[in-house]
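Everything on this sheet refers to the single structure shown next.
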Amino acid sequence: MARNRLWPAAASAYSSDPEKCFHNAFVNATLYKRYDVACDTLHTDTCCGLLALDHEAKAIMVIFRGTTSMIQLMEEGNEAVFMKKSDWVAGGKVSKYFNDGFFRIWNGGMKDGFTLLKHQYPDYEFRFTGHSLGGAMATLGGSYLISTKLTDPAKTKIVTFGEPRVGDKTFAKMHDTQLDYHFRVTHKHDTVPHSPAEIYGYYQHLNEVFYNNDMTPGSSFIVCNEEEDNSCSDGQLLNTSWMDHFYYFNHDYLLYGDGGCTLQMIFLFQKMLRYLLLAATLVGSALGDATYADDFARNKMWPAAASAYSSKPEKCFDNKFQNATLYKRYDIRCDALHLDTCCGLAIAAHGDKAIVLVFRGTTSFLQLIEEADKSVLNKHVEWAAGGKVSKYFNDAFFDIWNGGMKDGFNTLKAQYPDYAVWVTGHSLGGAMATLGGSYLIKNNLADPSTMKLVTFGEPRVGNKAFAEAHDKQLDYHFRVTHSRDIVPHIPEEIFEYHQHKFEVFYHDNMKPGAKYKVCKEDEDMGCSNGLLLDTSVPDHLKYFDHDCLLYGDDGCK
C-alpha cells in the first residue's frame, strides 16, 4: 500500500496535473479537488492539499504537498527551530509553521470538500499521506480529525515519507495513542526526519519504517516500535543526505509526480529535456572556452572540494594528487547558534606546483537555513573589488581567512613563491572560493594569470556590479553546474543577485566522457538557465557521478 498507493498519491501533489497519477497508478481513483494556499511570509510559494477517492479500496485520500522553493525551505527551518510552538488540540505542542500550514489548507476549502465526500461515501476509510512538509501536515491532519471526531480512528490510516519532527514528546506520545495504523517511512540517510533537532524540544512519533537500501521492489525494511529508535535511522552515524530525502521507492518525487507516476512517463520527460538541449549538448566543449579542462575539474578540483566534507581530507589528496600535503584545516563557527562550522583547507600540491585553497559548503540543516535567510532577507555588503555581495558569504569567507587561513597562505606563498594558486569549493564553499579568489587578486596576493578558480554548484554571490567586476579579474574561472541543481539559481534575481561567468553546464550524468557546454554570458539561457525546472537537490549533491559527502569520506576513490 505504501509503495503502490500512498507514495504515488504523495508524489502527485508535486505535479501541475495530479490526476495523471490517479489514472496511472490506481485501478479506479479520481481527484476530487486541489487546494493551493499561500503559506510563506513573502507570499511567493504555496502549500498544497488534495482530496481524492480510491474507489477500489473504498478510501478517501487526504494528501499534503511538501516544500517546493528555497524560501519555503528556509521558513520551515526558521519557524520550526527558532519560533515558539503552538498548543495542539489533541495534546502537546507542535511547530507553529506546520500547524499554520495545515490549518490554512484545511480552512481554505479542504474542510468543506472532506465533509462532502464523507457524506457521499460514509463507508469509506480515511488515508492521510504526504512527503516532507506534507508528511508533517498529514500527521497533524489525521490527529486533528480524530480528536474532533470527524474520523473513526479504526478507519484511519496515516503513512508519510521523509516526515520531519512535528512536535514535542507530549505530542508524540499522545499521537501514538490516537490510532493504530500510522507509519513514518524513512530512506537511509534522509536528513529531514532528524530535524528540527531534539535540543529544540522536538521528538519523533511512532512507527518508523526504515529502508536502509535503494528501496527497489522487494527491498528489506525494519519497523521500529520506539519513537526515537536507534534500531532504525537514528542509529545511522550520518543522516545528512538530501538525495535520500528526494528518492523514495527508487523514484525522484518531482520526476515521478510530473511523469504521471509511471516509469515510462519519466523516461519520456527526460528525453524531452535532452531533445530541447540537444544542440547545446552535442557541441560539448567545442563552442566553449578552450581553457576549460574536464580532466582538471573532475580529477583535481572536485576531489579537492569533496575532501573538505571528510574528517580526514588528506586521503583525497593521497589518492588523487602526486605528492600533495595538507598544510592545515580551518574550522570556524559560522552559524547564528554556533552549532555548525564553515571550513577551509590549505594544501601544497607539489606535483602540480600549486597552492590549493578549499572551502567547504553546507553540512547541516541549520546552516542551509541561515544561508537562505541572510542572502535573501538581509542587506548586501560592499565588496572591495566592486559591487555588493551576500553578507553571509562575505562574513563566512572572512571568518575563515582571518581565522588562520591568511597566515597559512602567506607561509605557503613564502615557501613556494613560484607555485600557482588554485581555489575551489562546492555549494556555500563555491561562493567563498569565488570571494577568496577575488580578494587575493584585488590585494595582489596572487597572480591572476596563474590563478585557477573552479567551483561546483555555486549559488549567486552578489549583484550584477560584482559579477561584472569579478569577470574582469582573471581568465580561468569556471562555475560547474549539474543538470537541474537548484543552488546556482538562488538567491533569486529579484533580490538583486546575478551570476558571474563562466558556467560549465553538464546536462546529463557527468560520467567520464559526458558532454558539456561552456556559456559566455553571466546569466546565459544556453546553459542551466534554459531549463524549465531547476529544483533538484540530488543534482546539487552529486557531481561527476559522486555524492559529495560519500566521495569525500571514502577518500575520493
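Just so you know, the UniProt record's numbering puts the end of the sequence shown at 557, numbered straight through with nothing missing.
Even glycine gets a Cβ: it sits at the ideal position worked out from N, Cα and C.
Residue environment, residue i, which counts as buried when at least 16 other CB atoms sit within 10 Å
| i | result |
| --- | --- |
| glutamine 120 | exposed |
| serine 16 | exposed |
| methionine 70 | Its pLDDT being 46, under 50, methionine 70 is placed unreliably in this model, and the coordinates cannot settle the point. |
| histidine 245 | buried |
| lysine 472 | exposed |
| lysine 501 | buried |
| valine 192 | buried |
| glutamate 382 | exposed |
| aspartate 427 | It should be pointed out that residue 427 corresponds to serine in this sequence rather than to aspartate. Serine 427 comes out buried. |
| alanine 154 | exposed |
| glycine 260 | buried |
| leucine 116 | exposed |
| asparagine 225 | exposed |
| alanine 13 | buried |
| glycine 218 | exposed |
| residue 559 | Nothing in the structure corresponds to residue 559, since the chain is present only between 1 and 557. |
| glutamine 322 | exposed |
| aspartate 123 | exposed |
| asparagine 99 | buried |
Three-state secondary structure assigned by DSSP to residue i
| i | result |
| --- | --- |
| glycine 259 | coil |
| tryptophan 422 | strand |
| arginine 104 | helix |
| threonine 325 | strand |
| threonine 46 | strand |
| arginine 360 | coil |
| glutamate 19 | helix |
| leucine 237 | coil |
| aspartate 180 | coil |
| alanine 29 | strand |
| phenylalanine 221 | coil |
| methionine 525 | coil |
| phenylalanine 544 | coil |
| proline 208 | In the sequence under discussion, the amino acid at residue 208 is glutamate, which differs from the proline named in the question. Three-state result, glutamate 208: strand. |
| methionine 272 | Unreliable placement is indicated for methionine 272, whose pLDDT of 36 sits below 50; no coordinate value is reported for it. |
| tyrosine 551 | helix |
Rounded straight-line distance, which links the Cα of residue j to that of residue i
| i | j | result |
| --- | --- | --- |
| aspartate 190 | proline 164 | 10 Å |
| arginine 127 | methionine 61 | 5 Å |
| lysine 169 | histidine 175 | 10 Å |
| aspartate 475 | glycine 555 | 31 Å |
| proline 196 | glycine 430 | 26 Å |
| phenylalanine 398 | phenylalanine 359 | 12 Å |
| lysine 320 | proline 303 | 7 Å |
| phenylalanine 210 | tryptophan 106 | 30 Å |
| phenylalanine 393 | valine 518 | 25 Å |
| phenylalanine 544 | isoleucine 441 | 29 Å |
| tyrosine 419 | glutamate 492 | 37 Å |
| threonine 216 | leucine 541 | 21 Å |
Residue i versus the options, residue with shortest Cα-Cα distance
| i | options | result |
| --- | --- | --- |
| valine 185 | Tyr392, Ile199, Thr151 and Ala136 | Ala136 |
| histidine 546 | Val518, Cys519, Pro512 and Gly530 | Pro512 |
| cysteine 21 | Glu503, Val209 and Gly257 | Gly257 |
| proline 18 | Arg3, Leu53 and Met1 | Leu53 |
| phenylalanine 495 | Val389, Lys188 and Glu503 | Val389 |
| leucine 357 | Val504, His380 and Gly436 | Gly436 |
| leucine 179 | Ser143, Asn509 and Gln204 | Ser143 |
| valine 480 | Asp522, Glu493, Ser310 and Asp331 | Asp522 |
| asparagine 410 | Ala346, Ala465 and Gly361 | Ala346 |
| alanine 293 | Leu31, Leu453 and Gly552 | Leu453 |
| arginine 333 | Leu549, Lys542, Trp401 and Phe249 | Trp401 |
| asparagine 213 | His205, Tyr124, Val537 and Cys232 | Cys232 |
| alanine 297 | Leu31, Pro459 and Met510 | Met510 |
| lysine 58 | Arg5, Gly404, Ala11 and Asp524 | Arg5 |
| alanine 90 | Thr148, Asp447, Leu531 and Cys48 | Thr148 |
| glutamate 314 | Asp295, Ala348 and Asn444 | Ala348 |
| glycine 162 | Asp395, Gly235, Trp7 and Tyr516 | Trp7 |
| alanine 433 | Gly403, His477 and Ser449 | His477 |
C-beta contact flag for residue i and residue j at 8 Å
| i | j | result |
| --- | --- | --- |
| threonine 156 | alanine 9 | no |
| arginine 104 | valine 166 | no |
| aspartate 87 | lysine 93 | yes |
| phenylalanine 466 | glycine 386 | yes |
| leucine 133 | glycine 101 | yes |
| isoleucine 158 | tyrosine 181 | yes |
| aspartate 252 | proline 488 | no |
| glycine 552 | serine 241 | no |
| histidine 498 | asparagine 463 | yes |
| glycine 344 | methionine 301 | no |
| isoleucine 355 | lysine 413 | yes |
Below-8 Å beta-carbon distance, residue i vs any chain B residue
| i | result |
| --- | --- |
| proline 417 | Looking for chain B here will not work: only one protein chain is present. |
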